[in-house]
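Undergrad:
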Amino acid sequence: MGHRTTIGLNRGAICGFGSAVLLAVWAIVQVPAAARGAESRRAPPVDSNIVHTITASVEYSTERRTGKQAVLVPGEFTVPEGAVAGQFRYRWADTKTGRESDRITATTVYSITQRRYMSELKDNPNATLPPGDYKLVVGGLPGAIGNLSYRLMPQAETPGPSGQAGDRTIDVETWMTKPLEDGYNPKFKATYVIRQGQVTGSIDHIVEPPKYGHGITCDPLPYKGTFTGRIEGNVITGKWEEEVLPHKMRYPAPQGNNNPPYDRTASWTVKYEIRLTLNPDGTVSQTVKGRGEMRYTWGPTAWPEELRNKNESHPFDFEIPSKDISEPMTGRWKQRPASPESNK
6 MGHRTTIGLN RGAICGFGSA VLLAVWAIVQ VPAAARGAES RRAPPVDSNI VHTITASVEY
66 STERRTGKQA VLVPGEFTVP EGAVAGQFRY RWADTKTGRE SDRITATTVY SITQRRYMSE
126 LKDNPNATLP PGDYKLVVGG LPGAIGNLSY RLMPQAETPG PSGQAGDRTI DVETWMTKPL
186 EDGYNPKFKA TYVIRQGQVT GSIDHIVEPP KYGHGITCDP LPYKGTFTGR IEGNVITGKW
246 EEEVLPHKMR YPAPQGNNNP PYDRTASWTV KYEIRLTLNP DGTVSQTVKG RGEMRYTWGP
306 TAWPEELRNK NESHPFDFEI PSKDISEPMT GRWKQRPASP ESNK
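Numbering (the numbering used here) for the sequence shown: 6 to 349.
#1: Using the C-alpha atoms, what's the distance from Glu237 back to Glu311?
#2: Check Glu310 in the structure and name its three-state DSSP category.
#3: Classify Glu248 as buried or exposed, calling it buried when 16 or more other Cβ atoms lie within 10 Å of its own Cβ.
#4: Rounded to a whole number of angstroms, what is the C-alpha to C-alpha distance between Thr335 and Lys192?
#5: Express the C-alpha separation of Arg296 and His57 in angstroms, rounding to a whole number.
#6: Since Pro285 and Gln92 are thought to touch, with beta carbons under 8 Å apart, how far apart are those beta carbons, to the nearest angstrom?
#7: Are Thr354 and Val198 close, meaning C-beta to C-beta below 8 Å?
#8: How far does the beta strand (DSSP E) with Thr67 in it reach, from first residue to last?
#9: With DSSP as the reference, label Ser290 as helix, strand or coil.
#10: Cα-Cα, which of Arg121, Pro136, Gln203 and Tyr228 is closest to Thr182?
#11: If you draw a straight line from the C-alpha of Val143 to the C-alpha of Trp97, how long is it?
#12: Which class does Glu213 belong to by DSSP, given the choice of helix, strand or coil?
#13: Leaving out five residues before and five after Gly220 in sequence, what residues of the same chain have Cβ atoms less than 8 Å from its Cβ?
#14: Count the other CB atoms, across all protein chains shown, that sit within 10 Å of the CB of Gly103; report buried if there are 16 or more and exposed otherwise.
#15: If we call anything under 8 Å between Cβ atoms a contact, is Thr352 one with Thr205?
#16: Starting from the C-beta of Tyr189, find all residues in its chain whose C-beta is less than 8 Å away, skip the five residues before and the five after it, and write them out in chain order.
#17: Any idea if Thr113 is buried or exposed, counting beta-carbon neighbours within 10 angstroms, 16 or more meaning buried?
#18: Return yes when the Cβ of Gln291 is within less than 8 Å of the Cβ of Pro333, no when it is not.
#19: Use the C-beta contact count for Pro320: other C-beta atoms within 10 angstroms, 16 or more gives buried, fewer gives exposed.
#20: Answer yes or no: do Lys140 and Ile117 have a C-beta to C-beta separation smaller than 8 Å?
#21: Cβ of Thr133 within 8 Å of Cβ of Ala90?
#22: Out of Met158, Pro135, Gly218 and Ile208, which has the shortest C-alpha to C-alpha gap to Asp187?
#23: Looking only at C-alpha atoms, which of Val78, Pro309, Gly287 and Val63 sits nearest to Gln340?
#24: Which class does Ser124 belong to by DSSP, given the choice of helix, strand or coil?
#25: I'd like to confirm the pairing. Which residues does DSSP put opposite His319 in its beta bridges?
#26: Pick helix, strand or coil for Asp107, following the three-state DSSP scheme.
#27: Pop quiz: Trp245 and Ile279 are said to be a contact at Cβ under 8 Å. What is the actual Cβ separation, rounded to whole angstroms?
#28: In this structure, does DSSP put Ile117 in helix, strand or coil?
#29: Does the distance from the CB of Glu213 to the CB of Pro227 come in under 8 Å?
#30: Need the endpoints of the beta strand (DSSP E) that Gly80 sits in, please.
#31: Distance check for Pro135 and Trp180, CA to CA, integer angstroms please.
#32: Which of the three DSSP states is assigned to Pro342 in this structure?
#33: So what's Leu226 in DSSP terms, helix, strand or just coil?
#34: With a CB to CB cut of under 6 Å and the five nearest residues on each side skipped, what residues in its chain are close to Thr83?
#35: Is it true that the CB of Trp273 sits closer than 8 Å to the CB of Met254?
#36: According to the neighbour-count rule (16 or more other Cβ atoms, all chains shown, within 10 Å of its Cβ), is Asp128 buried or exposed?
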């Protein structure tokens, strides 16, 4: 066994250990959680005719000891239970530079409740915010100001699973919020079943590898795994056990010698715990923490020669978010129609 490595998911080496770990952690798949109980949904009627406006700004700092010339003054707001916020309109202006914008970006609104930026609002006129506490954040020079207006609308019945609603089957597709390699951000599909507050899940599919270049190729990656956990409100917690079955990576003949092309067979296993939030708008957010082990077997013509027929193993730890990844994983979910048998 090699030394244990802690992985924050920085960019891996093209052909080495880091790239394989990157793919291993990308396999972490989100599970949709149960909707909040009906008893917590009861709230006063929502008036959709009222337009709410929040203001945030950049001000001159009054704190001399820190040396900072500007300070952000966010605008906090709350979406109450039983409602969602939508129909957003945004206006930002920096008087010192003359710059203006009406575009909502991935970092315009921060969720205090979920502890993440609501990146799903970016360029999405149909996006909504579920119940929770938020703050509007703007940048620029001192004097910059931003206004966000929105309406509150009654929250539709969430089609997510409920402990009292019998069995549910949910299909999930997930990915990293920001690609870790240019042009490569694979999506992973999984199926989950909820029974009386307990959750089981499975993944069994093929993921295409990245394009390595330099004559290096890799077989598709066969992912298999199982999940066990439970639902509390709209949050699932539990544990994944997952493996990527053996697959080959092929290397061209090295330049400058007569060594032929060679290959390496790789596989890995991971175990990790998740905290998954199911949002009423069909998006998901998940944090992850776990550890795994990589296994390599080099072919008989590998280069350098000391690698030939060599077996290697490398344990590693990983976590999302981390110092290298500032946001949780994201994705979407969809509940399958209930079968007649599930209603009996």
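For each residue, glycine too, the CB sits at the ideal point set by N, CA and C.
This structure is a prediction, so every number in the text was calculated from the model and none was measured.
TA: In short:
#1: Here residue 311 corresponds to residue number 306 of the sequence shown, with the count starting at 1. Here residue 237 corresponds to residue number 232 of the sequence shown, with the count starting at 1. If you take the alpha carbons of Glu311 and Glu237, they lie about 53 Å apart.
#2: Position 305 of the sequence shown, counting from 1, holds the residue named residue 310. Residue state, collapsed to three classes: helix.
#3: Against the sequence shown, residue 248 aligns to sequence position 243. The residue in question, Glu248, is buried, as its Cβ has 16 or more Cβ neighbours within 10 Å.
#4: Within the sequence shown, the letter at position 330 stands for residue 335. Within the sequence shown, the letter at position 187 stands for residue 192. Rounded to whole angstroms, Thr335 to Lys192 spans 10 Å at the Cα level.
#5: Start at 1 with the first residue of the sequence shown, and residue 57 comes out as number 52. Start at 1 with the first residue of the sequence shown, and residue 296 comes out as number 291. Their backbone Cα atoms lie some 45 Å apart in a straight line.
#6: Here residue 285 refers to the residue found at position 280 when the sequence shown is read from its first residue. Here residue 92 refers to the residue found at position 87 when the sequence shown is read from its first residue. That belief does not hold up - the Cβ atoms of Pro285 and Gln92 are roughly 16 Å apart, past 8 Å.
#7: The structure shown does not extend to residue 354, since the chain is modelled only from 6 through 349, so no value can be given for it.
#8: Locating residue 67 in the sequence shown gives position 62, counting from the first residue. Segment: none, Thr67 is in no beta strand (DSSP E) and carries neither H nor E.
#9: Indexing the sequence shown from 1 puts residue 290 at position 285. In the structure shown, Ser290 sits in a strand (DSSP, three-state: E or B).
#10: Numbered from 1 along the sequence shown, position 177 holds the residue referred to as residue 182. Ranking the options by Cα distance to Thr182, first place goes to Arg121.
#11: Residue 143 sits at position 138 when you count from the first residue of the sequence shown. Residue 97 sits at position 92 when you count from the first residue of the sequence shown. So the two alpha carbons sit approximately 8 Å from each other.
#12: One-based indexing of the sequence shown puts residue 213 at position 208. Here Glu213 sits in coil by DSSP.
#13: The residue you call residue 220 lines up with position 215 of the sequence shown. Closer than 8 Å at Cβ, skipping near neighbours: Tyr256 and Pro257.
#14: As a first step, residue 103 is located in the sequence shown; it is residue number 98 there, counting from the start. By the 10 Å Cβ count, Gly103 comes out exposed.
#15: Residue coverage of the chain in this structure runs from 6 to 349, which leaves residue 352 outside it and unanswerable.
#16: Taking the first residue of the sequence shown as position 1, residue 189 is located at position 184. So the list reads Pro215 and Lys216, once near-sequence residues are dropped.
#17: As a working mapping, residue 113 is identified with position 108 in the sequence shown. Label assigned to Thr113: buried.
#18: Indexing the sequence shown from 1 puts residue 333 at position 328. Indexing the sequence shown from 1 puts residue 291 at position 286. Their beta carbons are under 8 Å apart, which means Pro333 touches Gln291 by this criterion.
#19: Working through the sequence shown from its first residue, we reach residue 320 at position 315. With fewer than 16 Cβ atoms within 10 Å of its Cβ, Pro320 is classed as exposed.
#20: Residue mapping note: residue 140 aligns to position 135 of the sequence shown, counting from 1. Residue mapping note: residue 117 aligns to position 112 of the sequence shown, counting from 1. Closer than 8 Å, so yes.
#21: Taking the sequence shown and counting its residues from 1, one reaches residue 133 at position 128. Taking the sequence shown and counting its residues from 1, one reaches residue 90 at position 85. In this structure, Ala90 lies closer than 8 Å to Thr133 by Cβ.
#22: For the purposes of this step, residue 187 is taken as the residue at position 182 of the sequence shown. Nearest C-alpha to Asp187: Gly218.
#23: As a working note, residue 340 is residue 335 in the sequence shown. Of the listed residues, the one whose Cα sits closest to Gln340 is Gly287.
#24: Within the sequence shown, residue 124 is the residue found at index 119, counting from 1. Here Ser124 sits in helix by DSSP.
#25: As a first step, residue 319 is located in the sequence shown; it is residue number 314 there, counting from the start. Per DSSP, Met299.
#26: Position 102 of the sequence shown, counted from the first residue, corresponds to residue 107. Three-state DSSP puts Asp107 in coil, outside helix and strand.
#27: The residue you call residue 245 lines up with position 240 of the sequence shown. The residue you call residue 279 lines up with position 274 of the sequence shown. At roughly 7 Å, the Cβ-Cβ gap stays under 8 Å, so Trp245 and Ile279 are in contact.
#28: The residue given as residue 117 occupies position 112 in the sequence shown. In this structure, Ile117 counts as coil in the three-state DSSP scheme.
#29: Start at 1 with the first residue of the sequence shown, and residue 213 comes out as number 208. Start at 1 with the first residue of the sequence shown, and residue 227 comes out as number 222. Not closer than 8 Å, so no.
#30: Along the sequence shown, read from residue 1 onward, the residue named residue 80 stands at position 75. Run containing Gly80: Gly80 to Val84, per the beta strand (DSSP E) assignment.
#31: As a working note, residue 180 is residue 175 in the sequence shown. As a working note, residue 135 is residue 130 in the sequence shown. The straight-line gap from Cα to Cα measures roughly 21 Å.
#32: Here residue 342 refers to the residue found at position 337 when the sequence shown is read from its first residue. Three-state DSSP puts Pro342 in coil, outside helix and strand.
#33: Taking the first residue of the sequence shown as position 1, residue 226 is located at position 221. In this structure, Leu226 counts as strand in the three-state DSSP scheme.
#34: Translated into the one-based positions of the sequence shown, residue 83 becomes position 78. Excluding positions up to five away in sequence, the list reads Asp138.
#35: The count along the sequence shown starts at 1 and reaches residue 254 at position 249. The count along the sequence shown starts at 1 and reaches residue 273 at position 268. Result no, Cβ atoms of Met254 and Trp273 do not sit closer than 8 Å.
#36: Here residue 128 is taken as the residue at index 123 of the sequence shown, counted from 1. Exposed: under 16 other Cβ atoms inside 10 Å.
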